[in-house]
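Asks: Protein chains in written order, with this note's numbering: chain A, 149 to 464; chain B, 17 to 479; chain C, 18 to 107. Beta carbons: idealized from backbone N, C-alpha and C, even for Gly. Small disclaimer: the values here were computed from a predicted structure and weren't measured.
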Amino acid sequence: MKMTPLVLVLGGIIIISPVLLMNVLRPWAIWQTERPSDIFRARTPLEEKGREIYVNNGCTYCHTQYIRDFDWDIGAQRISKSGDYIAESPHLLGTERTGPDLSQEGGEHPDDWHLAHFVNPRFVRPDSVMPSWEFLGQENILALIAYKQSLGFKQADGRVERQKYWKSEAIKAFEAGPDKNVEWLHGHVPEPWTKLPNPYRTSVPGLDRGHRVYQSFCIGCHGPIGDGMGPAQPFLYPPPLNFTILQNRGITGGILYYQIMNGITGTAMPYFKKDLESEKIWDVGNYIAVTFIGETDAGQPTRGIDVSYEPVEDKK
Amino acid sequence: MKVEENGTAKLFFLSSAFWFVLGTLEGIADATDMVVPDLFGGISWLVFSRIRPMHTTTMIFGFVGSALLGASIYIIAAVLRTPLWSERLGKVSLWIWNISIAVGLIALDLGYSQGREYAEWIWPADIGILLAFALIFYNCFQTAVKRNEKIMYVSSWYILAGLVFTWIIYFFGNAVWNPEKGAIYGLPDGILAWFYGHGIVGLFLTPLAVAVAYYIVPRVARSPLYSHKLSLVGFWSILIIYTHIGSHHILQTPIPTYLKVIAISGSIAMIIPVMTVLVNLWLTMRGRLGLFHQDIGGKFVMAGLVWYIITCIQGPIQALPVVQRMTHLNNWVIAHSHLGVFGFSGTIALGGLYYILPRITGRPLYSTRLADVQYWLLLLGMAGFFGVLTAGGLVQGNSWLNGETVYRTLPMIHVYFVLRASIGVLFVGAAFIGLYNIIRSIVGEPATESQEFETEQAIGLTQ
Amino acid sequence: MIYYAGWLYLVGISLIVSILAFIWGARTGQFSDQDRARFFALGPDLLSQPVKIASRRKQRLHNGALLGIIMLCLSILATALVLGILRRAG
Ligand code: HEM
Ligand code: HEM
C-alpha cells in the first residue's frame with residue numbers, strides 16, 4: 149500500500165480521535181460529576197439577558213473572569229474554583245486584562261455607579277480606556293448592571309445587600325441636610341481616625357502630587373472645583389459630596405484618609421486602598437483640605453519622630 | 017462562471033488582498049480606541065470590542081486564510097503534476113468562503129457574537145465556512161486521487177491534513193450542533209474553545225504556511241529539498257503534538273492538572289516539528305541566499321521563516337507557568353499573536369502570493385518595487401509591533417505581580433498604545449499598496465518595469 | 018493521580034498510532050524513493066526563467082536586517098525568561 153490520500157485522511161482521523169477523546173470527552177466526563185462550588189447559584193432571567201449583552205459586545209476581550217492565587221486587584225479575596233463555572237455557556241474566561249477581572253465584581257459598587265460608568269467610564273474612572281456604552285440604551289444597560297451585580301454569585305448577593313442597606317442609610321442622611329449628613333459621615337469613621345491629624349506638612353510638591361491623584365481618581369464625581377458637580381453627578385444618588393460644606397464641621401486629615409481608603413459603601417464613593425498607597429492618600433486628602441475646604445491640620449505637632457525625607461529647615 | 021486555469025487561486029489572492037486592507041483598518045480603529053476611547057463617540061459599530069473579533073477573524077480567515085488557501089490549491093496541483101480537479105468547484109467554494117466571512121463580520125459589527133475567541137461568528141457563517149473547507153478539501157483530494165505523480169510531496173500532505181484537521185476542529189470548536197450558543201457548558205467549554213483556538217493557528221495556518229514554504233524555498237533556491245524524509249518526520253510530529261496543547265492558553269484557570277501537564281510538555285516538545293522544518297529549509301537555501309534577496313516571493317518567505325523561529329522560541333517559553341505569571345493576560349500575548357499570525361503565516365502567505373501570482377497570470381507583477389516597499393513596511397512594522405507590545409506587556413505583567421491594580425497600569429502603558437497605533441499606520445499603508453499592486457497585476461496592462469520574465473534564457477547557477 | 022492516568026493514556030495512544038504509521042510507511046516503501054521526492058517542488062518551467070542574484074549591498078542590508086531582528090527578539094525573550102524565573106516569588 150502506498151501513502152495514498154485516503155490513508156492520509158484515515159491517519160489524520162486516527163490521530164485526532166484520541167486527542168479529541170482526551171481533551172474534550174474526558175474533561176467533559178469529569179465535569180459530569182462536577183459539583184457547584186459553595187458560592188454558586190443560578191442566574192435570574194434579567195442577569196442572563198445581561199450576560200448575553202456582555203457576550204455580544206465582546207466585554208470578554210478586556211475583562212477576564214478568573215482569579216489566580218497571586219492576584220492583588222478586585223476579587224483577589226477568592227481564588228476561582230472549577231465549580232464556579234458549571235453554568236457558563238459560552239465560557240467567558242478571557243485572555244486579556246486591559247480592564248480588571250470581573251469574577252467577583254458583584255456588589256463592589258452600587259447600581260448608580262455602574263450606570264454612570266456604562267454611560268461613560270471616564271465619568272467615574274478618568275484614566276479608563278473602556279468604551280462608552282450609552283448607545284445600548286437604558287434597558288440593556290440595566291440588564292448589564294444586573295449581570296455585573298451577580299458576578300460572584302452568593303458572595304456577590306451578600307455584598308449587593310450590604311450596598312442596598314447602606315445606600316438607604318446614606319440617602320436618609322443626605323436628605324436630612326448638610327449638617328446631619330456630615331455628622332452621619334463622620335460618625336461612621338472609627339474614633340482613633342477622627343482624631344488623627346495629617347502627620348505630613350503641607351508642601352507645594354505634596355499638593356501637586358495630590359492634585360495629580362485627584363485628577364486620576366476623584367475629578368469625575370467631585371468635579372474640578374470640588375463642588376461635587378463632576379460629569380458623573382447627574383447619575384448618582386446620593387450625589388458626590390460638595391467639599392466646601394465640610395468647612396467648619398470638624399474635618400480632620402484622619403477622617404479624609406479613612407474615607408478615601410475605605411470608601412463609603414452604599415454610595416458611589418469607592419474604596420481606593422487597592423489603587424493608592426498611604427502617601428498618595430495623605431497627599432490627595434491634603435490637596436482637598438487645602439484647595440476645597442480651606443482648612444488643614446497638616447503637620448500638627450502630635451507627631452512622632454520625623455520621617456527622614458521631610459525638609460529639615462522646617463523644624464523650628 | 018468563467019473557468020480558466022488557476023482562476024480559483026487567483027481570486028483567492030485577490031480576496032486576501034482585500035481582506036488585508038479591511039483587517040488593518042479594523043486594527044488601527046481598535047488601536048486608536050485604546051488611545052482616545054471617546055474619539056468615535058459612542059458609534060456602536062466602531063466600538064473597540066465589536067471591532068476586535070472582526071479584526072482577528074478578518075486577519076486569520078480573510079487575509080492569511082484566503083492567501084494560504086489560494087496558494088495551496090495552486091501548489092497541490094503543481095507538485096502532483098495534475099491540474100486542479102475542478103476550477104468550477106473551486107470558484108464555488110471561493111464564493112461561499114468569502115460570503116461566509118462577510119456574513120460573520122457584519123453580524124459581529126451589529127452585535128451578534130458567540131463570544132469565544134476566533135469562534136465568534138454566528139452559526140450560518142460557521143456552516144458556510146465548513147462547507148467551503150469541505151469543498152476545497154474535496155477538490156484537492158480528487159486532484160490527489162487523479163495525480164500523475166505517485167509519491168506525494170510533503171506540501172500536499174500538509175495541505176490535505178491541514179484541511180481535514182481544520183474541518184474537524186472547526187466543527188467541534190464551534191459546537192455547531194448548538195446553533196444558538198455555539199458552546200458547551202462550564203470549564204470544559206473553555207478547554208474546547210482553546211482546543212479550537214489553538215487548532216486554528218496550529219492546524220490551519222501553520223501546516224498551510226509550512227506547505228507553501230516547502231514549495232517556494234526549493235524553487236527559489238533552484239535546488240531540491242535537503243531531505244524529504246526529515247520533512248515527513250516534522251509532518252507527523254506536528255500532527256501528534258500540536259493537536260492537544262490548546263490548554264496552554266488557560267493554564268492559570270482551575271482546569272484539571274493533567275491537561276496542564278500535557279499542554280506544557282507538549283508546548284516544549286513543539287521544538288521538534290518546528291526545528292525539522294527550519295533545519296530542512298535552511299539547509300536547502302544555504303549558500304543561495306542571494307537568490308532569495310532578489311526574488312520578491314522568496315524574500316517574503318524567508319522573512320516569514322525568521323518570524324517562525326522567533327514565534328516558536330517564544331511559544332515554549334511562555335508556556336512555562338513561571339513565565340506566564342508575568343506574561344499571561346497582557347500585551348505580551350498580543351505581541352506573540354501578531355508575530356505568529358502575521359509575522360509567520362501572514363508573511364509566508366504573502367510570499368506565496370507574490371511568487372505564484374505572476375505564474376498564474378503569465379506576466380510579471382505590476383510592480384516589484386511596490387511589493388518591495390510593502391515588504392519593508394511590513395518588516396519594520398512587525399519588528400516595531402513586537403518590541404512595543406512585548407515591552408508594554410512586561411510593564412503590565414510586572415506591575416500586577418508587584419501589587420499594582422489594572423487601573424493604575426493603564427497610564428503606564430499609554431505610551432505603548434500610542435506607539436502601537438502609529439506603527440499600525442505602516443501596516444495600513446502596506447495593505448493598500450498590496451491591494452493596488454495585486455489588482456493591477458491581475459487586470460492591468462502588461463508590466464511597466466521591464467522584467468524579462470518569460471523571454472530571457474535560463475542561466476546556470478553560479479555559486 | 019487519576020488525572021495523570023489520563024495523560025499517560027494519551028501519550029500511549031499517540032505513540033502507538035505514530036509507531037504504527039511509521040511501520041506501515043516503512044513496509045509500503047513510502048520512504049524508499051525519498052531522493053526523487055526531494056525534487057518535486059521544482060519543475061521544467063523553472064528552466065525558462067532567469068536566475069537573478071541580488072547585489073552584494075542588497076544582500077548585506079537584508080541579511081543584516083533579519084539578523085538584527087532575530088537578535089533583538091531573542092534577547093527580549095531571554096530577558097523575559099530570566100525575569101520570569103527570578104520573579105517567581107511574586
Ligand atoms: C512552538 C510553537 C508555539 C507555542 C509553544 C505557542 C505557545 C503559545 C502559548 C503558551 C500561548 C498562550 C499565551 C498566554 O496566553 O499566556 C500562545 C498564544 C497564541 N499563539 Fe502561540 N505558540 C506557538 C506558535 C504559534 C504560531 C505558529 C502561531 C500563529 C500561527 C501562534 C499564535 C498564537 C496566538 C494568536 C495566540 C493568542 C491567543 C489568545 O490568547 O488570544 N502561536 N501561544
Ligand atoms: C494595522 C495594523 C494592526 C493593528 C493596529 C492591530 C491592532 C490590534 C489590536 C488593538 C488588537 C487587540 C489587542 C487587545 O485586545 O488588547 C489586535 C489583536 C490581534 N491582531 Fe492585530 N493589529 C494589526 C495588524 C494585524 C495583522 C496584520 C494581523 C494578522 C495577520 C493581526 C492579528 C491579530 C490577532 C490574531 C489578534 C488577537 C490577539 C489575541 O487574541 O491574543 N493584527 N490587533
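May I ask whether a heavy atom of ligand 2 can be found less than 7 Å away from the beta carbon of M75/B?
Replies: Mapped onto the second sequence, residue 75/B falls at position 59. Because some heavy atom of ligand 2 lies under 7 Å away, the Cβ of M75/B counts as near it: yes.
Asks: Rounded to the nearest angstrom, what separates A123/B and E136/B at their Cα positions?
Replies: Taking the first residue of the second sequence as position 1, residue 123/B is located at position 107. Taking the first residue of the second sequence as position 1, residue 136/B is located at position 120. The straight-line gap from Cα to Cα measures roughly 10 Å.
Asks: Just checking my contact of A83/B with F149/B at CB under 8 Å: how many whole Å lie between their CB atoms?
Replies: Your numbering for residue 83/B matches position 67 in the second sequence. Your numbering for residue 149/B matches position 133 in the second sequence. The Cβ separation is near 16 Å, so there is no contact.
Asks: G189/B and F220/B look like a contact to me (Cβ under 8 Å); what is the Cβ gap, rounded to whole Å?
Replies: Indexing the second sequence from 1 puts residue 189/B at position 173. Indexing the second sequence from 1 puts residue 220/B at position 204. That belief does not hold up - the Cβ atoms of G189/B and F220/B are roughly 11 Å apart, past 8 Å.
Asks: Should S31/B be counted as a contact of ligand 2 given a C-beta to heavy atom distance under 7 Å?
Replies: Along the second sequence, read from residue 1 onward, the residue named residue 31/B stands at position 15. No, Cβ of S31/B sits at least 7 Å from all heavy atoms of ligand 2.
Asks: If we count Cβ pairs, one from each stretch, closer than 8 Å, do we get three or more for the stretch 344 to 356 of chain B versus the stretch 306 to 316 of chain B?
Replies: Output reads no: the stretch 306 to 316 of chain B does not touch the stretch 344 to 356 of chain B.
Asks: Using a Cβ cut-off of 8 Å, pull out every chain B residue sitting near T212/A, in sequence order please.
Replies: One-based indexing of the first sequence puts residue 212/A at position 64. Those within 8 Å of T212/A in chain B are L345.
Asks: Can you give me, in chain order, the residues of the stretch 224 to 252 of chain A that have a beta carbon less than 9 Å from any beta carbon in chain B?
Replies: For the stretch 224 to 252 of chain A, which is checked against every Cβ of chain B, the residues closer than 9 Å are I227, S228, K229, S230, G231, D232, Y233, I234, A235, E236, S237, P238, H239, L240, L241, G242, T243, E244, R245, T246, G247, P248 and D249.
Asks: Pick helix, strand or coil for D388/B, following the three-state DSSP scheme.
Replies: Against the second sequence, residue 388/B aligns to sequence position 372. Helix, per DSSP.
Asks: Note the first and the last residue of the continuous alpha helix (DSSP H) segment covering G313/B.
Replies: Working through the second sequence from its first residue, we reach residue 313/B at position 297. G313/B -> alpha helix (DSSP H) spans I312 to Q334.
Asks: Roughly how many angstroms separate the alpha carbons of I367/A and A118/B, rounded to a whole number?
Replies: In the first sequence, counting from the first residue as 1, residue 367/A sits at position 219. In the second sequence, counting from the first residue as 1, residue 118/B sits at position 102. Roughly 43 Å between the two C-alpha positions.
Asks: Measuring straight from C-alpha to C-alpha, what distance separates I429/A and L336/B?
Replies: For this step, residue 429/A is matched to residue 281 along the first sequence. For this step, residue 336/B is matched to residue 320 along the second sequence. Whole-angstrom Cα-Cα distance: 38 Å.
Asks: Can you give me the C-alpha to C-alpha distance between P387/A and W281/A, rounded to a whole angstrom?
Replies: In the first sequence, the residue the question calls residue 387/A occupies position 239. In the first sequence, the residue the question calls residue 281/A occupies position 133. Whole-angstrom Cα-Cα distance: 22 Å.
Asks: Go ahead and pull the three-state DSSP assignment for L477/B.
Replies: As a working note, residue 477/B is residue 461 in the second sequence. Model confidence at L477/B stands at a pLDDT of 36, short of 50, so the residue's coordinates are unreliable and nothing is read from them.
Asks: Buried or exposed, going by whether 16 or more other CB atoms sit within 10 Å of the CB of Y432/B?
Replies: Taking the second sequence and counting its residues from 1, the one referred to as residue 432/B is at position 416. Under this definition Y432/B is a buried residue.
Asks: Does the pairing of the stretch 44 to 59 of chain B with the stretch 73 to 92 of chain B give three or more beta-carbon distances under 8 Å?
Replies: Not touching, per the Cβ criterion.
Asks: Cβ-heavy atom distance between G206/B and ligand 2 below 7 Å?
Replies: Within the second sequence, numbered from 1, the residue matching residue 206/B stands at position 190. Checking the Cβ of G206/B against ligand 2 gives no.
Asks: In whole angstroms, give me the CA-to-CA distance for C369/A and P418/A.
Replies: Taking the first residue of the first sequence as position 1, residue 369/A is located at position 221. Taking the first residue of the first sequence as position 1, residue 418/A is located at position 270. C-alpha separation (whole angstroms): 11 Å.
Asks: Using only the alpha-carbon positions, how far apart do G202/B and I234/A sit?
Replies: Reading the second sequence from its first residue, position 186 is the one you call residue 202/B. Reading the first sequence from its first residue, position 86 is the one you call residue 234/A. Rounded to whole angstroms, G202/B to I234/A spans 4 Å at the Cα level.
Asks: Between the beta-carbon of G43/B and the beta-carbon of G440/B, is there less than 8 Å?
Replies: On the second sequence, position 27 is the one that residue 43/B refers to. On the second sequence, position 424 is the one that residue 440/B refers to. Yes, the pair counts as a contact, with Cβ atoms nearer than the cut-off.
Asks: Exposed or buried, which one is N268/A when buried takes at least 16 other CB atoms within 10 Å?
Replies: Translated into the one-based positions of the first sequence, residue 268/A becomes position 120. The residue in question, N268/A, is buried, as its Cβ has 16 or more Cβ neighbours within 10 Å.
Asks: For E42/B, does the three-state DSSP call read helix, strand or coil?
Replies: Indexing the second sequence from 1 puts residue 42/B at position 26. Of the three classes helix, strand and coil, the one that applies to E42/B here is helix, per DSSP.
Asks: Is the beta carbon of E195/A sitting closer than 8 Å to the one on Y348/A?
Replies: The residue you call residue 195/A lines up with position 47 of the first sequence. The residue you call residue 348/A lines up with position 200 of the first sequence. Contact: no.
Asks: Specify the secondary structure class of Y459/B as computed by DSSP and reduced to three states.
Replies: As a working note, residue 459/B is residue 443 in the second sequence. Sequence check: residue 459/B is Val here, not Tyr. Helix at V459/B.
Asks: Looking at the structure shown, is D52/C part of a helix, part of a strand, or coil, going by DSSP?
Replies: Your numbering for residue 52/C matches position 35 in the third sequence. Here D52/C sits in helix by DSSP.
Asks: Say the cut is 7 Å; is the CB of D249/A nearer than that to a heavy atom of ligand 2?
Replies: Here residue 249/A is taken as the residue at index 101 of the first sequence, counted from 1. D249/A: no, Cβ never under 7 Å from ligand 2.
Asks: For Q334/B, is the beta carbon positioned less than 7 Å from some heavy atom of ligand 1?
Replies: Within the second sequence, the letter at position 318 stands for residue 334/B. At least one heavy atom of ligand 1 is nearer than 7 Å to the Cβ of Q334/B, so yes.
Asks: Residues in its own chain within less than 7 Å of D445/A by CB, not counting five upstream and five downstream?
Replies: Reading the first sequence from its first residue, position 297 is the one you call residue 445/A. So the list reads P345, N346, T400 and G401, once near-sequence residues are dropped.
Asks: If contacts are defined as beta-carbon pairs under 8 Å, then A204/B and I254/B qualify, I think. What distance do you get, rounded to the angstrom?
Replies: The residue labelled residue 204/B in the question sits at position 188 within the second sequence. The residue labelled residue 254/B in the question sits at position 238 within the second sequence. One point to set straight first is that residue 204/B is Pro, not Ala, in the sequence displayed. That pair is no contact at about 25 Å.
Asks: Mind checking the stretch 76 to 104 of chain B against chain A and listing, in chain order, the residues whose C-beta falls within less than 7 Å of any C-beta there?
Replies: Listed in sequence order: no entries.
Asks: Using beta-carbon positions only, say whether W341/A and Y435/A come within less than 8 Å of one another.
Replies: The sequence position of residue 341/A within the first sequence is 193, counting from 1. The sequence position of residue 435/A within the first sequence is 287, counting from 1. No; because the gap between Cβ atoms is not below 8 Å, this pair is not in contact.
Asks: Evaluate G325/A with the Cβ neighbour count: other Cβ atoms within 10 Å of its Cβ, from every protein chain shown; 16 or more gives buried, anything less gives exposed.
Replies: Here residue 325/A refers to the residue found at position 177 of the first sequence. It is exposed - the Cβ of G325/A has fewer than 16 other Cβ atoms within 10 Å.
Asks: Cβ of A160/B within 8 Å of Cβ of S172/B?
Replies: Mapped onto the second sequence, residue 160/B falls at position 144. Mapped onto the second sequence, residue 172/B falls at position 156. Yes, the Cβ-Cβ distance between A160/B and S172/B is below 8 Å.
Asks: In its own chain, which residues sit with a C-beta less than 6 Å from the C-beta of F322/A, not counting the 5 before and 5 after it?
Replies: Position 174 of the first sequence, counted from the first residue, corresponds to residue 322/A. Answer for F322/A: N329 and P386, listed in chain order.
Asks: Drop a sphere of 10 angstroms on the beta-carbon of K26/B, count the other beta-carbons inside from all chains shown, and report buried for 16 or more, exposed for fewer.
Replies: Position 10 of the second sequence, counting from 1, holds the residue named residue 26/B. Buried.
Asks: Does Q286/A pass the burial test, meaning 16 or more other C-beta atoms within 10 Å, or should it be called exposed?
Replies: The sequence position of residue 286/A within the first sequence is 138, counting from 1. It is exposed - the Cβ of Q286/A has fewer than 16 other Cβ atoms within 10 Å.
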